[in-house]
Structure formats: structure tokens, C-alpha cells
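Chemist:
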Amino acid sequence: MRIIYTDLLCIGAGLAGERVAIEAARAGFETICLSLVPPRRSHSSAAQGGMQAALGNCIKGQGDCPDMHFQDTVKGSDWGCDQEVARIFVENAPLAIRQMDYWGVPWNRVVPGKACYFKGGEKLEKEEPRDRSGLITARDFGGTAKWRACYCSDGTGHAMLYTMDSVALQYGVQVHDRTEALSLIHDQERCHGAVVRCLKTGELRAYISRATLIASGGFGRIYRASTNAVINEGGGQIIALDTGGVPLGNMEAVQFHPTGIVPTDILVTEGCRGDGGTLLDVNLERFMPWYEPDKAELASRDVVSRRMQEHMAQGLGVKSPYGDHLWLDIRHLGREHITSKLREVDEICKNFLGIDPADSLIPVRPTQHYSMGGVRTDKDGAAYGLKGLFSAGEAACWDMHGFNRLGGNSLAETVVAGMLVGRRVAGFLQEEDMRVDTALVRGELKKQQERVDTLKSSTKGDPPFEVRNRMQDILMDYVGIFRNEKDLHLAGEKLQQVLQSAENPKLSSSKAGADPELSLALRLPGMVRLALCVAFGALERRESRGSHAREDYPARNDRDWLVRTLAFWPGGRALPRLEYEPATKVVEIPPGERGYGGCEVISAES
Amino acid sequence: MNRKLTFAIFRYNPQEPGSRPWMQEFRLEETENLNLFVALNLVREKQDPSLQFDFCCRAGICGACAMVINGRPGLACRTKTAELPDKIVLMPLPGFRLGGDLSVDTGAWFRAMNARIRSWIHNDEEFDPDAPEVVMDNQVAEQIYELDRCIECGCCIGACATAQMRSDFLGAAAMNRIARFMLDPRDKRENREYFEVVGTEQGIFGCMGLLGCQDVCPKNLPLQDQLSHVRRKMGWQALKKILPWSGG
Ligand SMILES: Cc1cc2nc3c(=O)[nH]c(=O)nc-3n(C[C@H](O)[C@H](O)[C@H](O)COP(=O)(O)OP(=O)(O)OC[C@H]3O[C@@H](n4cnc5c(N)ncnc54)[C@H](O)[C@@H]3O)c2cc1C
Ligand code: SF4
Ligand code: SF4
Ligand code: FES
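Chains B and W, in that order, are what the protein sequence lines are. Each residue of the first sequence is one higher than the last, beginning at 1 in the working numbering. Each residue of the second sequence is one higher than the last, beginning at 607 in the working numbering.
(1) State the Cα-Cα distance for the pair H835(W) and N729(W), rounded to the nearest angstrom.
(2) If we count the other Cβ atoms within 10 Å of its Cβ and call it buried at 16 or more, is L445(B) buried or exposed?
(3) What did DSSP end up calling I587(W) once you bin it into helix, strand or coil?
(4) Keeping to the same chain, check which residues put their C-beta closer than 8 Å to that of Q430(B); ignore five residues upstream and five downstream.
(5) Alpha carbon to alpha carbon, how far is A670(W) from R559(B)?
(6) Contact criterion: CB-CB distance below 7 Å. Does P38(B) meet it with respect to chain W?
(7) The region 649-677 of chain W: which residues have C-beta closer than 9 Å to a C-beta of chain B, in chain order?
(8) With a threshold of 7 Å between beta carbons, is C150(B) in contact with chain W?
(9) Give the single residue among R550(B), P516(B), V436(B) whose Cα lies nearest to the Cα of D187(B).
(10) If you draw a straight line from the C-alpha of A299(B) to the C-alpha of K146(B), how long is it?
(11) Report the residues of the region 101-119 of chain B with a CB closer than 8 Å to any CB of chain W, ordered along the chain.
(12) Can you give the Cα-Cα distance for G853(W) and N720(W), rounded to whole angstroms?
(13) Return yes when at least one heavy atom of ligand 2 lies under 6 Å from the C-beta of G701(W), else no.
(14) Should F465(B) be flagged as near chain W, meaning a C-beta pair shorter than 7 Å?
(15) Using the rule of at least 16 other Cβ atoms within 10 Å of the residue's Cβ for burial, across every protein chain shown, is K379(B) buried or exposed?
(16) Is there a Cβ from chain B that is less than 7 Å from the Cβ of M788(W)?
(17) Cβ of E758(W) within 6 Å of any heavy atom in ligand 3?
(18) Find the residues of chain B that neighbour A747(W), judging by a C-beta separation of less than 7 Å, and give them in chain order.
(19) What's the call for W842(W), buried or exposed, on a 16-neighbour Cβ count within 10 Å?
(20) Please list, in chain order, all residues of the same chain as L440(B) whose beta carbon is under 7 Å from its beta carbon, the five residues on each side excluded.
(21) Excluding the five sequence neighbours on either side, which residues of its own chain have a C-beta within less than 6 Å of the C-beta of N619(W), listed in chain order?
(22) Would V415(B) count as contacting chain W if we go by Cβ distances under 7 Å?
(23) Which ranges does the alpha helix (DSSP H) cover as unbroken runs of at least 4 residues, wholly within the region 415-477 of chain B, from first to last along the chain?
(24) Confirm, please, whether the CB-CB distance from E122(B) to A538(B) is below 7 Å.
(25) Looking at C-alpha atoms only, which residue of T339(B), F89(B), I3(B), T259(B) is the closest neighbour of H369(B)?
(26) Please find out if some non-hydrogen atom of ligand 2 comes closer than 6 Å to the beta-carbon of M788(W).
(27) Taking 6 Å as the cut-off, is the beta-carbon of H728(W) closer than that to any non-hydrogen atom of ligand 1?
(28) Could you tell me which chain W residues have their CB closer than 9 Å to the CB of I11(B), listed as they occur along the chain?
(29) What is the residue span of the beta strand (DSSP E) that T612(W) lies within?
(30) Sorted by chain position, which residues of the same chain lie with C-beta nearer than 8 Å to N92(B)'s C-beta, five sequence neighbours on each side aside?
(31) Tell me, please, whether the CB atom of V230(B) is closer than 7 Å to any CB atom in chain W?
(32) Quick one: measure Cβ to Cβ for R464(B) and P525(B), integer angstroms, because I've assumed they're closer than 8 Å.
(33) Quick one: give me the first and last residue of the beta strand (DSSP E) that G374(B) is part of.
(34) For R798(W), which three-state DSSP category applies?
(35) Does the beta-carbon distance from C58(B) to T6(B) come in below 7 Å?
(36) Where does the unbroken beta strand (DSSP E) through K686(W) begin, and where does it stop?
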């Protein structure tokens with residue numbers, strides 16, 4: 001079995017992983033990124049709409065500043081975020097985006113002169129000033145006071161990731177793609193690296209690293225219907241949880257995006273609504289202004305998704321063989337706008353629905369989209385519980401998103417956190433040495449090898465694909481947009497049964513090499529444990545906040561629940577252990593009204 | 607009545623001792639809106655869990671799922687069975703190392719290509735964190751983005767006769783990438799430097815101009831224009847090398 005030594009091991013080569021890697025490589029450290037797929041296929045490439053940074057260049061963004069970005073982010077989070085982190089984030093976003101520009105991202109620019117735009121269904125006019133000509137422009141996104149989402153057509157994530165990977169190549173970051181981290185090597189105090197399976201050969205290897213980063217993206221695929229790539233199965237969160245000492249933060253905070261298409265659940269960007277698209281019901285009537293007179297379609301995602309769900313529950317959805325849906329209407333934006341600024345949307349509609357969005361309505365419904373929860377870190381990205389372990393990007397709970405992430409704030413998080421955590425990691429590597437404990441390494445390798453061998457020789461149990469489908473359906477049915485005690489209880493019980501099946505499945509093939517069934521079987525128990533963290537965290541949180549909407553506790557309860565859930569899973573337990581910490585130590589904006597969503601608030605003083 | 611589809615799928619697992627390439631048939635009933643992403647996953651889940659293939663975004667965005675579909679390279683995730691006859695033949699994309707069955711290692715190929723053409727912005731000036739961004743005309747940004755849309759799926763390589771004959775041929779994707787940097791005012795390389803990386807038989811002068819590449823590009827990139835653009839520039843540069851007095 002191979003043992004590979006490096007200074008920094010990045011588990012994940014999306015935007016966050018590569019950004020951290022670049023910072024370490026530039027400081028002269030040997031850096032290896034692992035990835036399930038070639039880095040450029042990481043899910044960051046699928047981000048369409050934009051990245052938020054308060055540049056304030058375009059006319060509708062004028063007067064924008066980090067302070068306003070901060071307010072939007074905290075309100076968006078429903079006061080669930082860490083305000084110190086949100087502040088660091090907004091202050092650094094303009095710099096991070098300019099650095100991406102310097103590295104080569106072709107951001108769309110301000111074009112001086114008059115132009116039309118749409119707000120809702122209404123056509124309006126704006127005039128861009130001469131003196132801003134050629135600076136980075138922005139579009140409108142939900143939950144923001146200004147136009148702040150900088151973009152490249154609607155391939156923003158793609159353009160950013162290709163640029164980032166180029167820079168990683170330039171600075172000599174090594175990439176070991178088609179590899180999967182199976183566990184962390186640690187002694188309860190310090191992380192020593194990871195045991196990794198090669199997905200080309202099936203071989204197990206140990207990577208010994210002085211610093212280890214988890215940047216493995218979201219875990220949306222524990223749900224059946226998700227906008228996430230099929231590889232977003234939570235590998236990084238699983239190996240952190242499995243240490244027993246590293247907690248996952250706010251796992252119950254799961255975002256549903258208003259516009260996944262029906263069927264196939266592929267996302268069409270928030271940019272559609274930002275650019276003036278509207279939502280229509282079965283009678284082809286616009287309903288959002290009725291619920292949200294002020295923000296209408298551009299209230300935050302949790303709110304729009306809930307309103308859509310409520311509206312369909314009143315029988316106003318459109319019936320289809322794939323269940324009820326609503327319509328997204330972008331026809332009025334015109335073919336030219338759609339084929340240039342919303343080009344991916346145009347292609348997705350044509351290729352996957354067989355319709356032309358310039359003259360047809362797009363069938364949409366709320367779909368699992370983003371994991372606010374993840375590996376809990378401090379403001380420098382250091383994971384709780386294990387020295388030498390860091391986390392960044394969607395995999396982490398750095399916690400600038402709280403209970404609802406704003407559109408465009410995630411791409412921004414990957415590059416801002418990547419930059420800052422990267423600096424911290426480089427500093428750590430500068431200072432901290434490590435004594436390699438070969439017995440520890442061999443022990444962990446052996447443990448994983450035994451798992452593989454046991455799975456291959458098991459003679460009874462259920463097929464892994466079936467078990468996975470069962471888990472996904474339970475989350476869809478009982479841990480969706482609206483939640484209640486009865487459903488969540490049921491989900492917990494059912495998931496515990498599924499966990500038993502997941503731990504003892506039967507493989508039908510067990511061929512040599514990177515057998516896909518074995519790969520799933522290795523990751524499945526961890527996925528079910530993540531599902532249990534979501535369900536159990538949601539059951540215990542007896543309030544509604546951001547994306548977490550309890551029918552039986554509809555108010556946001558700042559008196560009892562202005563806290564972050566920390567889920568630990570010490571070995572041998574049937575359920576995670578939950579602890580809580582204050583949502584934020586620094587309070588710049590005390591909890592108040594969001595201005596949309598119309599949720600009742602139990603205030604901290606009452 | 608729904609159609610009964612037959613999938614003839616290339617099978618070969620180089621890791622399995624004794625495995626040899628062969629074609630295996632699977633049958634599936636067609637359902638509404640069925641595409642090859644759904645179909646192949648159904649085959650794997652219900653009929654043969656060892657079947658290897660690559661999907662990631664399943665939305666035509668990431669480039670993971672290129673394969674040869676009834677003789678033509680394309681993205682499996684956005685190919686609907688309704689567009690295909692009852693018998694569907696699936697082969698791995700040629701020109702890349704085979705992982706197993708329909709899975710090929712496009713990642714290593716593209717990484718090596720990007721390293722060879724030094725596919726990043728070359729600029730000696732340090733980034734100034736306090737300065738505003740350098741202005742750029744929106745049209746230029748859009749032109750760069752247009753070429754930046756390549757998803758490194760490898761279809762153009764799979765369809766290129768030159769690439770099949772010589773494994774070191776850089777291919778249309780690389781020429782498109784170089785054209786992208788030539789367009790970008792932030793990249794300070796001179797023609798002479800571009801010439802060093804693509805002015806060769808492995809680069810632009812190996813291309814026979816038959817345009818198999820452009821026909822199959824799922825992103826409809828204007829590969830023909832980029833190939834002739836790079837050829838013209840590099841041809842001129844080659845001439846300058848022979849006729850030094852024509853200016854450097
Ligand atoms: C369809 C869609 C559209 C979006 N649009 C926007 C948008 O417009 N604006 C915005 O701000 N945000 C958007 N988001 C969110 C944003 O794209 C992601 O949150 C962000 O890109 C995540 O980046 P990341 O680097 O954290 O993870 P990813 O890019 O997901 O990368 C994860 C990496 O980890 C690797 N990995 C995973 N598990 C393992 C393992 N066990 N071992 C080894 N490697 C592993 C993967 O191979 C990959 O390289 C969108 C998300 C989706 C799903
Ligand atoms: S035109 Fe050139 S690059 Fe394209 S297929 Fe033909 S030989 Fe290959
Ligand atoms: S140029 Fe087109 S066909 Fe070739 S790799 Fe890029 S997207 Fe694929
Ligand atoms: S799976 Fe991403 S392009 Fe097909």
C-alpha cells in the first residue's frame with residue numbers, strides 16, 4: 001500500500017479547495033488536491049448566476065458597500081449566521097473578485113448608456129454612466145438591496161473554476177483526481193492525513209499531511225431530488241463526523257431553490273428572476289406579489305420556496321405526471337437576452353425539456369439545492385476538535401449563511417474563505433511540525449481495508465443502490481421544506497433502520513478496480529448518518545428560522561433558539577449527540593424583522 | 607405502446623484479470639423524456655451494478671459524460687432516447703486512456719494539454735489589492751467568455767482523425783484555448799511565445815482542417831474560426847522566423 005507525504009492535503013478541488021491550495025503553494029508548500037472527478041468537473045462549474053461582491057459599479061448598484069452586503073447577508077441568514085464571519089466576508093469580497101479578474105475571469109462589464117431591464121413583469125429603463133464604463137457590472141438577485149451579483153453570462157462558476165484551476169496549474173498544485181477520501185487519520189487531537197481510495201484502480205493509499213483541508217462541497221444527494229451533481233454525497237462531512245470529535249454545524253439548515261425544472265431537477269438560475277422573470281400558477285397568474293408585496297419573486301430563497309409550496313397546496317399548482325409544479329416565465333425578456341445573458345438556461349430548456357424559453361413557460365418547483373451546514377470551523381477555517389484540520393466552501397460551516405444562503409454568496413464564500421483560510425493554513429504550516437506515527441497510519445489503512453474485504457465477502461443484505469434510494473425517499477417525504485414533529489420522528493426511526501441495512505449490504509458484483517457498487521457501499525453508512533444529523537437536528541430545533549420551517553413551531557424563537565446546532569457522532573452510538581453554541585458572539589445587528597417572509601418572532605427579551 | 611430499447615454497451619475492465627473487450631446487450635422499456643443518464647443508471651441499479659460510466663452534473667455543464675453514441679461522440683446526459691433508434695450502441699470515447707467500460711480518463715489528458723500550452727494568464731505585474739480592476743470593454747469580455755465555454759468533454763478529440771493517429775496532437779480544444787488567451791488583453795504573451803507552444807505539428811500545423819471537431823462540439827464553439835485564426839497568426843509567425851528582416 002502506498003504512502004504519500006505532503007504539506008497540505010486538500011480533500012476537494014472545487015473553487016474552495018483549489019483557492020486554499022494556491023495560497024499554500026504560493027507560500028512554497030507542497031500541496032496535493034484530491035477529487036472524485038477532474039477538478040474542472042467539480043460542482044462549482046455548475047454555478048450559473050453570479051458572485052456577490054459590493055463593488056457598486058453599475059447604476060443599480062450605486063451606493064453599495066460592504067455594510068449593505070453585511071445587512072443583506074445577516075437578514076438572509078435569519079440571524080443564524082456568525083456576524084463576525086459575515087463581516088470578514090463582505091469586507092474581503094471586492095478584493096477577492098478583483099483578484100479573480102486579474103487571474104483571468106471574463107466578468108461582464110458596465111456598458112455606458114441607456115438600456116431596458118425588467119422588474120417582475122414591468123419594463124423599466126436605466127442609464128449607465130460613462131465614468132464606470134468597462135468596470136465589473138452586476139445583476140439583481142434575491143434578498144439584496146442592490147444589484148450585486150457579478151457574472152459571466154450564466155456560466156459564472158464555470159469561468160471561475162477554469163481560471164482557478166489554471167492558476168493552480170501555474171503554481172504547481174498537484175491534483176490526484178478520481179480519488180476518494182474514506183477516513184481521516186487522527187489520534188483524537190491532531191489530524192495526520194487521510195486514507196484514500198483510488199477510483200481508477202480501487203487501491204487504498206495513505207496520505208500523510210501536516211495540514212488537511214476538507215473542501216468537498218455540499219451533500220445534496222442525500223435527497224432524491226436535488227440540483228446538485230451526482231457526486232455531491234457528503235464525503236468530506238462524513239469523514240469529519242466519523243472522527244467522533246469534530247462536530248457538524250446546523251445540519252438541519254438545508255436550502256431549497258425555487259426553480260428546479262420538472263422533471264430532472266436541474267437548476268435554472270436565480271438570474272432568471274433577477275433579470276425580471278416571474279412565477280405563474282395554473283391560471284397563469286403571478287402570485288408572489290400577493291404574498292410578498294415588496295420583494296415579490298426576489299424575496300430570499302427560503303421564502304419564495306415556501307410561498308410556492310403553500311400556493312401549490314391550495315390546488316393552484318400545475319398537475320403533471322411528475323407531480324405538481326408552477327411556471328417560470330422569462331418570455332418577456334426577449335430572445336436576445338435569453339440567448340446571451342441566460343444562455344445556459346436556454347440550453348437546459350432546449351436539451352432537457354425540449355422547449356424554447358423565449359416562447360414557452362418553464363415548469364419549476366422548489367428543489368434541494370444547498371447545504372448551509374457542514375464541518376464547523378472557527379473564523380480562520382480551523383475545524384473544531386482536531387488540530388491540523390481545516391475546512392472551507394460549501395463543505396464547511398464557517399457560518400456566514402446561517403439558516404439561509406443568499407444567491408451569489410456561495411461562489412463568493414469559496415474564493416473569500418479560500419483566500420483567508422489559505423493564509424491561515426500557510427501560517428500553520430510555517431509553525432507546526434508533526435511527528436509521524438506509523439502505527440496510527442497503518443492502523444487506519446488496515447481498518448479501511450477490512451471494510452472493503454468485509455463488503456466484498458458479505459453474503460446477505462440489501463443491494464446498496466436500493467438502500468440509498470430508501471434513504472433519499474425518507475428525506476424527501478419527511479424532512480422537506482415544511483417539517484413537523486410527527487414526520488421528523490418517523491424519519492428518524494426509518495433512517496435508523498436504513499442505517500442498519502447500509503452497514504450490512506450485499507454486493508452483487510465486487511469486480512476488481514473501481515467497482516461503482518463497492519464505492520457506494522463504502523460511502524453509504526456515512527450518508528445515512530448525515531441524513532440522521534439533518535433529521536435529528538430538525539426535530540430538536542423547535543422553531544422556524546430561514547429554511548428550517550416547522551409547521552408546529554411557526555415562529556422564529558430568538559429567546560431559546562438563537563443558537564447553532566453542533567452534531568457529534570461518537571463511535572458506537574445510534575444517534576448523533578447534539579450540543580448548542582450561541583449563533584454569534586459579535587452582534588452588530590440585533591435580531592429583527594427581515595422585511596419579507598412575514599414570520600412571527602419571539603424576541604430574546606420576552 | 608412504449609418502445610423496447612436495446613442497449614449494446616462496450617464492456618472491458620482492465621483491472622479485472624482475464625477481462626476482454628466485448629459488447630453486452632441490455633433491454634429497457636422507454637419512458638417519457640428518457641435520456642441516457644437515466645437509462646444507464648437504471649441499467650446499473652437494476653441489471654448490472656458493475657457497469658462503469660461517468661456522470662457528474664447531469665445537466666450538460668461539466669463535460670464528464672462524453673461517449674460515442676451510435677457512432678457519434680456526444681454528451682450522454684443530454685441525449686434523449688427519443689432521438690435514437692430502438693438499438694443504441696454505446697462505446698467509450700477514443701483517444702483517451704480507458705478506465706473501464708464507458709469511462710475514459712479525459713481529466714489527465716486535459717490537464718497535460720493545459721500544462722503544455724501554459725494555459726493561464728501571463729502577466730509580470732503583481733496583483734494590487736488596493737487598485738480597482740483594469741477596465742475592459744464588455745464586448746471583449748463576452749468574446750473571451752464565448753471561447754471559455756469549452757467544457758473539456760473531449761468530443762472534438764474523439765472525432766478528430768489527427769488525434770486518433772498521433773496521441774501527442776493537441777487538438778481543437780487546445781487551439782480554442784490558445785485563441786481565448788490571444789484575445790485576452792490581460793495575457794501579455796507575444797505571438798512568438800504562443801508559437802512556441804502551438805506552432806508545431808502537434809499543434810496547429812498538424813490539423814488537417816476536416817472539421818470533424820466542430821460538428822460534434824456540444825457547446826457549439828466556433829472551432830473552425832479559431833483553428834483558422836490560430837493558423838493564420840502562427841503561419842505569419844513561422845514566416846517571420848524564416849525571414850528575420852520582416853520584423854520580430
Ligand atoms: C446548480 C447550481 C447552481 C449554483 N449557482 C450558484 C450561483 O449562481 N452563485 C453562487 O454563489 N452559488 C451557486 N451555487 C452554489 C455553489 O456553486 C457551490 O456552493 C460552490 O461552488 C461549492 O464550491 P466548493 O468548492 O465548496 O465545492 P465543489 O465545487 O462542489 O467541489 C467539491 C470537490 O470535492 C471533491 N470531493 C468530494 N468528496 C470527496 C471525497 N470524499 N474525496 C475526495 N474528493 C472529494 C469533489 O470531487 C470536488 O472536487 C450553485 C449550486 C448549484 C448546485
Ligand atoms: S479540423 Fe483539425 S482539429 Fe478539427 S477534427 Fe480536423 S484535424 Fe482535428
Ligand atoms: S471544444 Fe467543444 S467538443 Fe472540444 S472539449 Fe471543448 S466543449 Fe468539448
Ligand atoms: S454529466 Fe456533466 S455534461 Fe453530462
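The C-beta atom is built at its ideal place from N, Cα and C for all residues, glycine as well.
Modeler: Walking through what the data contain:
(1) About 23 Å.
(2) With a 10 Å radius around the Cβ and a threshold of 16 neighbouring Cβ atoms, L445(B) comes out buried.
(3) Nothing about residue 587(W) can be read from this structure; chain W reaches only from 607 to 854.
(4) Here the set comprises A27.
(5) Looking at the two C-alpha atoms, the distance is approximately 48 Å.
(6) With 7 Å as the cut-off, P38(B) counts as an interface residue toward chain W.
(7) Result list: R650, E651, K652, D654, P655, S656, L657, Q658, F659, D660, F661, C662, C663, R664, A665, G666, I667, C668, G669, A670.
(8) Taking Cβ atoms only, chain W never reaches closer than 7 Å to C150(B), which makes this a no.
(9) Answer by Cα proximity: V436(B).
(10) C-alpha separation (whole angstroms): 13 Å.
(11) Result list: D101, Y102, W103, G104, P106, W107, N108, R109, V110, V111.
(12) Confidence in G853(W) is poor, its pLDDT being 47 and thus under 50, which makes the residue's placement unreliable; the coordinate value appears in the next sentence. Going by the C-alpha atoms only, they are around 30 Å apart.
(13) Distances taken from the Cβ of G701(W) to the heavy atoms of ligand 2 include none shorter than 6 Å.
(14) At a cut-off of 7 Å, the C-beta of F465(B) has a neighbouring C-beta in chain W.
(15) With 16 or more other Cβ atoms within 10 Å, it is buried.
(16) For M788(W), no Cβ of chain B is located within less than 7 Å of the residue's own Cβ.
(17) Checking every heavy atom of ligand 3 against the Cβ of E758(W), one is found closer than 6 Å.
(18) Scanning chain B for C-beta atoms nearer than 7 Å to the C-beta of A747(W) yields P106, W107, N108, R109, reported in chain order.
(19) Exposed: under 16 other Cβ atoms inside 10 Å.
(20) Shown here for L440(B): same chain residues with a beta carbon closer than 7 Å to its own, the five before and five after excluded, namely I185, D187, H192 in chain order.
(21) Counting only Cβ-Cβ distances below 6 Å, and skipping sequence neighbours, we find S625, G706.
(22) So no, V415(B) is outside the interface.
(23) DSSP runs (the alpha helix (DSSP H)) wholly in the region 415-477 of chain B: 438-457.
(24) One thing to note: A538(B) has its Cβ no nearer than 7 Å to the Cβ of E122(B).
(25) Considering only T339(B), F89(B), I3(B), T259(B), the residue with the shortest C-alpha distance to H369(B) is T259(B).
(26) For ligand 2, not one heavy atom lies less than 6 Å from the Cβ of M788(W).
(27) H728(W) Cβ: outside cutoff for every heavy atom of ligand 1.
(28) Ordered by position in chain W, no residue passes the 9 Å Cβ test against I11(B), which lies about 17 Å from the chain.
(29) 610-617 is the span of the beta strand (DSSP E), which, as asked, contains T612(W).
(30) Contacts found: V416, M419, L420.
(31) Closer than 7 Å to some Cβ of chain W, the Cβ of V230(B) qualifies, so yes.
(32) Residue 464(B) is actually Pro in this sequence, not Arg. 10 Å between Cβ atoms; not a contact.
(33) Counting along the chain, G374(B) sits inside the beta strand (DSSP E) bounded by residues 374-376.
(34) Residue state, collapsed to three classes: helix.
(35) Going by C-beta atoms, C58(B) is not nearer than 7 Å to T6(B).
(36) It is not in any beta strand (DSSP E) - K686(W) carries neither H nor E in the DSSP assignment.
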